[in-house]
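Residue numbers (the numbering used here): 94 to 184.
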C-alpha cells in the first residue's frame with residue numbers, strides 16, 4: 094500500500110520530520126532525509142500493529158490531495174511511501 098507522507102525539511106541544526114496523516118499519531122524523524130524515510134516505515138509498521146492489537150480498523154491510505162491543504166502541514170513536502178502490509182493479513 095502507498096501512504097502519503099508529509100516531510101518537514103531539516104538542516105544542520107534540526108532533524109527531518111515525517112508525518113503519516115492517514116495513521117493517527119504516526120510520525121518519525123531522522124538526522125538525514127534518507128534516515129527519516131527509513132524510520133517512517135518502522136513507525137508505520139508499529140502503529141498499524143498497535144491499532145490492530147487494540148481492535149481498531151486497519152488504516153487505509155488516501156491521496157495526498159486529501160491532506161495537502163492541512164494548515165498544520167502547509168510548509169511540508171509531500172510524497173508517498175510503499176509499505177508492505179501483507180504481514181497484517183492472516184491467511
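Note that beta-carbon positions come from the ideal geometry of N, C-alpha and C, so glycine has one too.
Do residue j and residue i come within 8 angstroms of each other at the CB atom, strictly closer than that value?
i: residue 98; j: residue 133; result: yes
i: residue 176; j: residue 137; result: yes
i: residue 204; j: residue 100; result: Examination of residue 204 is not possible in this model, given that the chain is present from 94 through 184 alone.
i: residue 181; j: residue 145; result: yes
i: residue 147; j: residue 114; result: no
With DSSP as the reference, label residue i as helix, strand or coil.
i: residue 142; result: helix
i: residue 181; result: helix
i: residue 105; result: coil
i: residue 98; result: strand
i: residue 113; result: coil
Can you tell me the Cα-Cα spacing of residue i and residue j, whole angstroms?
i: residue 154; j: residue 96; result: 5 angstroms
i: residue 159; j: residue 173; result: 13 angstroms
i: residue 129; j: residue 123; result: 4 angstroms
i: residue 171; j: residue 141; result: 21 angstroms
i: residue 135; j: residue 166; result: 21 angstroms
i: residue 75; j: residue 112; result: Summary: the structure shown does not reach residue 75, with the chain confined to residues 94 through 184, and so no result is reported for it.
i: residue 139; j: residue 106; result: 28 angstroms
i: residue 156; j: residue 94; result: 12 angstroms
With distance defined between alpha-carbon atoms, name the residue in the options nearest to residue i.
i: residue 109; options: 176, 180, 169, 179; result: 169
i: residue 126; options: 179, 102, 143; result: 102
Should residue i be flagged as near chain B, meaning a C-beta pair shorter than 8 angstroms?
i: residue 150; result: Judged by its chain identifiers, the structure shown contains no chain B, having just a single protein chain.
When every heavy atom of the ligand GTP is checked, does at least one fall within less than 7 angstroms of the C-beta of residue i?
i: residue 98; result: Here there are no bound small molecules, and the ligand GTP is not part of this structure.
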